[in-house]
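Visitor:
There are 2 protein chains.
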Amino acid sequence: MLIHQSHLFTKTRKEAPSDEAAKNAQLLIRAGYINKEMSGVYDYLPLGLKVIQKIKHIVSEEMEALGSQEILMSTLQNKDVWVATDRWDDDRVDVWFKSQFKNGAEVGFGWSHEEPITAMMKPHVVSYQDLPVYVHQFQQKLRNEVRAKSGIMRCREFMMKDMYSFSRDEASHSDFYQRAIEAYTNVFARLGLGHITYLTSASGGVFTDKFSHEFQTLCEAGEDIIYVHKHEKVALNEEVFNDQTLADGGWKKEDFELKKAAEVGNIFTFGTKKCEELGLFVMNAHEGKKPVFLGSYGIGITRLVGVLAEIFSDDKGLMWPAQVAPADVHVLALQDSVKAQAAAFAKQLGEKVDVLYDDRALTAGQKFAEADLIGIPWRVVISEKTQAQGKIEVSKRADASRTMQTTEEFLQTISS
Amino acid sequence: MLIHQSHLFTKTRKEAPSDEAAKNAQLLIRAGYINKEMSGVYDYLPLGLKVIQKIKHIVSEEMEALGSQEILMSTLQNKDVWVATDRWDDDRVDVWFKSQFKNGAEVGFGWSHEEPITAMMKPHVVSYQDLPVYVHQFQQKLRNEVRAKSGIMRCREFMMKDMYSFSRDEASHSDFYQRAIEAYTNVFARLGLGHITYLTSASGGVFTDKFSHEFQTLCEAGEDIIYVHKHEKVALNEEVFNDQTLADGGWKKEDFELKKAAEVGNIFTFGTKKCEELGLFVMNAHEGKKPVFLGSYGIGITRLVGVLAEIFSDDKGLMWPAQVAPADVHVLALQDSVKAQAAAFAKQLGEKVDVLYDDRALTAGQKFAEADLIGIPWRVVISEKTQAQGKIEVSKRADASRTMQTTEEFLQTISS
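So the protein lines, in turn, are chains U and H. Its first residue numbered 14, the first sequence is counted upward by one per residue in the numbering used here. Its first residue numbered 14, the second sequence is counted upward by one per residue in the numbering used here.
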């Protein structure tokens with residue numbers, strides 16, 4: 014894929030908007046990845062959408078490997094299914110956006126989807142043999158948060174991957190729950206966050222209060238506090254950091270230190286209650302009619318964009334890990350006289366990897382500053398100087414090293 | 014791609030839900046493509062989502078060929094930008110869903126995106142040289158329709174591809190407008206609807222009242238009426254079917270016949286008014302500060318799913334055109350004894366094309382009836398009888414012909 018920067022409509026900015034306090038949103042707005050619509054509401058611009066698509070691709074692969082099938086549920090939600098489980102009232106769930114149809118009937122906007130998905134399954138899940146079923150979606154959730162102050166990390170509208178498991182019983186649920194933990198671990202490793210992401214057990218807030226876990230990524234801008242073991246890959250949520258837990262794990266309190274973290278994933282065991290309330294039962298030859306066992310599994314896709322921006326950035330701008338970068342290589346043509354060569358090279362490279370090609374009439378200094386801000390992993394500079402040597406200048410955003418290579422050498426590096 | 018039908022959670026149904034009057038939704042629900050959440054609100058299940066993805070792929074290619082860049086705007090919309098153009102009041106736009114933030118401030122849910130996209134462009138479009146800009150998105154629109162009675166063809170929540178053009182002046186807008194007409198014509202041709210889709214000029218309702226066109230596909234379930242020329246590929250919208258238009262075109266009234274049609278696409282010229290109201294101006298060395306010229310271009314993605322279901326179906330079920338079918342080939346294994354061969358063949362085939370493989374323990378009659386309902390273009394039957402001949406039975410959903418082929422012969426047919 015090849016994007017000509019002269020064609021990209023987004024402009025970078027030297028200054029972040031004055032009303033944006035979070036580093037992730039400041040950088041993403043300045044570099045033209047997102048636009049702030051309102052507090053906690055952002056639009057995804059071309060480069061931002063590409064980062065999202067790369068994250069989605071990784072998550073999709075891992076969910077499909079679990080045997081999950083992709084669906085897309087509606088944002089408009091039927092009041093009835095939420096009344097059935099006593100989660101319609103604002104006293105029970107405090108993040109609802111609600112409105113009315115023309116006939117005056119109330120309608121809710123999807124902040125989560127356990128109830129509609131459970132109800133949707135009723136014509137499809139009838140017999141014991143129909144289970145297990147795993148489904149997932151990438152969906153824009155709407156949540157009426159009181160405050161939204163962490164940029165794209167806590168939004169009133171955000172993209173979530175939510176997966177739901179329908180199992181025969183607790184034992185088969187637990188097997189899948191463990192496999193989901195492994196799949197999530199793979200996702201965060203592939204995103205370049207494995208070394209700073211911890212599986213913690215948690216109380217589940219409005220969702221559930223047992224058998225739930227969170228994936229917490231160490232991040233100064235995170236809204237959670239976790240206690241991280243100094244020597245082992247273990248962390249405990251604030252809620253469970255107590256003598257009982259420490260004794261259960263055989264840990265010493267002094268081996269843990271307090272860290273700020275962002276919840277990038279969570280997994281919940283709902284049990285059978287919700288399926289009983291919504292009427293999702295299956296027939297079993299031995300036991301007769303039995304309610305289905307439900308689990309749910311979330312990953313905050315756009316929150317991850319924010320976390321990645323917080324962690325992979327410096328004072329000059331963003332520094333995306335290769336697997337989520339909107340392009341693999343940023344090609345900079347420094348003078349008009351080298352544009353013919355640069356264009357041909359960018360085209361050739363674009364057939365193998367994703368390329369952003371800066372073909373604009375700006376100074377070298379402006380191009381370098383913008384490239385630092387945008388944060389593509391590899392940079393190739395083509396100038397009269399490099400051309401005189403019959404080479405290109407190759408560098409990486411993440412370190413200061415520069416080498417002169419032939420185009421063939423670089424094509425080989427990037428393809429391998 | 015290979016989907017094992019034993020793994021697909023959706024069940025087909027003999028009867029449509031009693032509250033569903035539209036043929037498209039009846040068939041799509043019975044075949045397990047969609048689920049009815051509420052009147053005018055549907056969920057997209059695995060096969061339905063695949064049809065949507067295939068349509069999106071075709072539309073994406075044509076929009077990118079126009080030079081449009083993909084973005085994704087928020088569903089939550091800022092009241093201010095709609096007040097600025099006098100489209101916030103329910104008297105002006107009667108399809109708003111609205112709600113309130115926790116602080117009491119009103120928020121709208123996106124029924125269209127001209128205003129937010131125009132406002133979003135302000136930091137990016139500053140100079141004459143920044144134009145033109147073309148952007149598009151695939152977005153779930155929410156519209157508070159009084160009635161929703163045509164199944165998935167008129168929904169309160171639906172997927173739209175909306176594109177927006179920002180041009181220097183009317184002349185450059187007109188050039189792009191013509192190119193957009195060609196791209197839309199390509200889209201409908203590639204979807205298999207070219208022969209029954211007409212470009213008609215129209216009044217634009219709440220959008221605009223000049224320089225707008227619709228793409229109307231002949232369809233008995235459509236909500237529009239057009240007058241189609243008996244001999245030429247010409248049709249006129251009901252609103253403009255009058256003596257003046259006929260005289261302008263040099264047509265005779267008696268050469269037209271009334272037909273039901275569905276609006277599958279529309280293109281609008283907004284002119285400069287909206288950009289003036291929202292403050293999107295560019296500097297031009299010769300003329301100073303000038304407002305940008307706006308156009309918008311919609312295609313109803315999920316409406317198209319409904320139109321395709323209406324048109325490509327018979328009394329047995331759906332009959333998808335190859336380019337939008339959820340799979341290319343439906344492989345049916347009729348007995349347990351042939352499953353090893355069928356599974357190996359389905360796997361091999363799935364490396365070249367998209368395959369749905371019926372590996373379930375059902376009677377041949379049940380499998381054929383379900384295959385007719387689901388409507389995959391090619392069908393391959395593997396049974397003890399075909400195995401005895403060393404062949405497979407190949408047929409097409411759209412005609413009754415059946416041939417015996419070797420697996421090699423069929424692989425060659427399908428790959429060519």
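For every residue, glycine included, the Cβ atom is placed at its ideal position computed from N, Cα and C.
When the Cβ atoms of the stretch 336-345 of chain U are set against those of the stretch 370-390 of chain U, are three or more pairs found closer than 8 Å?
Guide: yes
Visitor: Answer with buried or exposed for residue 415/U, where buried requires no fewer than 16 other C-beta atoms within 10 angstroms of its C-beta.
Guide: exposed
Visitor: Assign residue 385/H to one of two classes, buried (16 or more other C-beta atoms within 10 Å of its C-beta) or exposed (fewer than that).
Guide: buried
Visitor: Would you mind working out which of 49/U, 71/U and 54/U sits nearest residue 206/U, comparing C-alpha positions?
Guide: For residue 206/U, the closest alpha carbon among the candidates 49/U, 71/U and 54/U is that of 71/U.
Visitor: As an exercise, report each continuous beta strand (DSSP E) stretch of at least 3 residues that is fully enclosed by the stretch 187-249 of chain H, in chain order.
Guide: Secondary structure remark: continuous beta strand (DSSP E) runs of at least 3 residues inside the stretch 187-249 of chain H, in chain order: 210-214, 226-231 and 237-242.
Visitor: Can you grab the Cα-Cα spacing for the pair residue 229/U / residue 163/U, in whole Å?
Guide: 16 Å
Visitor: Output, in chain order, the set of chain H residues within a Cβ distance shorter than 8 Å of residue 170/U.
Guide: 87, 88 and 89
Visitor: So what's residue 302/H in DSSP terms, helix, strand or just coil?
Guide: Collapsing the DSSP output to three states places residue 302/H in a strand.
Visitor: When the cut-off is 9 Å and only beta carbons count, does residue 425/H lie next to chain U?
Guide: Output row for residue 425/H: interface = no.
Visitor: Are the C-beta atoms of residue 385/U and some chain H residue less than 9 Å apart?
Guide: no
Visitor: Taking residue 243/U and residue 268/U to be in contact with their CB atoms under 8 Å, please state how far apart those CB atoms are, rounded to whole angstroms.
Guide: 5 Å
Visitor: Using the Cα positions of residue 224/H and residue 424/U, report the straight-line distance between them to the nearest angstrom.
Guide: 49 Å
Visitor: Curious, which full-length beta strand (DSSP E) runs of at least 3 residues does the stretch 324-389 of chain U contain?
Guide: 342-346 and 368-371
Visitor: Considering only residues of the stretch 92-125 of chain H, which uninterrupted alpha helix (DSSP H) runs meet the minimum length of 4 residues and lie entirely inside it, listed in chain order?
Guide: 92-97
Visitor: Taking Cβ positions, are residue 389/H and residue 356/H nearer each other than 9 Å?
Guide: no
Visitor: Would you list, in chain order, the members of the stretch 141-173 of chain H that have their beta-carbon closer than 8 Å to a beta-carbon of chain U?
Guide: 143, 146, 148, 153, 155, 157, 158, 159, 169 and 170
Visitor: Go ahead and label residue 30/H buried or exposed: buried means 16 or more other beta carbons lie within 10 angstroms of its beta carbon, across all protein chains shown.
Guide: By the 10 Å Cβ count, residue 30/H comes out exposed.
Visitor: Under the assumption that residue 326/U contacts residue 365/U (Cβ atoms under 8 Å), give the Cβ distance between them as a whole number of angstroms.
Guide: Going by Cβ atoms, the distance from residue 326/U to residue 365/U rounds to 27 Å, so no, they are not a contact pair.
Visitor: Rounded to whole angstroms, what is the Cα-Cα separation between residue 406/U and residue 396/U?
Guide: Looking at the backbone, the Cα of residue 406/U and that of residue 396/U are separated by about 9 Å.
Visitor: Using the beta-carbon of each residue, which ones in chain H are nearer than 7 Å to residue 48/U?
Guide: 133
Visitor: Given that a residue counts as buried once 16 or more other Cβ atoms are within 10 Å of its Cβ, and exposed if not, what is residue 331/H?
Guide: buried
Visitor: Does chain H have any CB closer than 9 Å to the CB of residue 115/U?
Guide: yes
Visitor: With 9 Å set as the bound, which would you pick, yes or no: does the beta-carbon of residue 23/U sit closer than that to a beta-carbon of chain H?
Guide: Yes - at least one Cβ of chain H is within 9 Å of the one on residue 23/U.
Visitor: Look up residue 43/H in the DSSP assignment and say whether it is helix, strand or coil.
Guide: helix
Visitor: Classify residue 118/H as buried or exposed, calling it buried when 16 or more other Cβ atoms lie within 10 Å of its own Cβ.
Guide: exposed
Visitor: Buried or exposed for residue 412/U, going by 16 or more other Cβ atoms inside 10 Å?
Guide: exposed
Visitor: Tell me the rounded alpha-carbon separation between residue 383/H and residue 361/H.
Guide: 23 Å
Visitor: Along the stretch 363-388 of chain U, what residues have a CB closer than 7 Å to any CB found in chain H?
Guide: none
Visitor: Tell me whether residue 127/H is buried or exposed, calling it buried when 16 or more other Cβ atoms sit within 10 Å of its Cβ.
Guide: buried
Visitor: Where does residue 72/H sit, in a helix, a strand or coil, going by DSSP?
Guide: DSSP places residue 72/H within a helical segment (H, G or I) once states are collapsed to three.
Visitor: Give the single residue among 271/U, 115/U, 136/U and 319/U whose Cα lies nearest to the Cα of residue 45/H.
Guide: 136/U
Visitor: Quick one: what's got a C-beta closer than 8 Å to residue 302/U's C-beta in the same chain, skipping five residues either side?
Guide: 294, 295 and 296
Visitor: Give the range of the beta strand (DSSP E) segment to which residue 282/H is assigned.
Guide: 269-284
Visitor: Measuring straight from C-alpha to C-alpha, what distance separates residue 73/U and residue 311/U?
Guide: 13 Å
Visitor: Listing by chain order, which chain U residues have their CB less than 8 Å from the CB of residue 56/H?
Guide: 84, 85, 86, 87, 129 and 133
Visitor: Does the CB of residue 262/H have a neighbour CB from chain U at under 9 Å?
Guide: no
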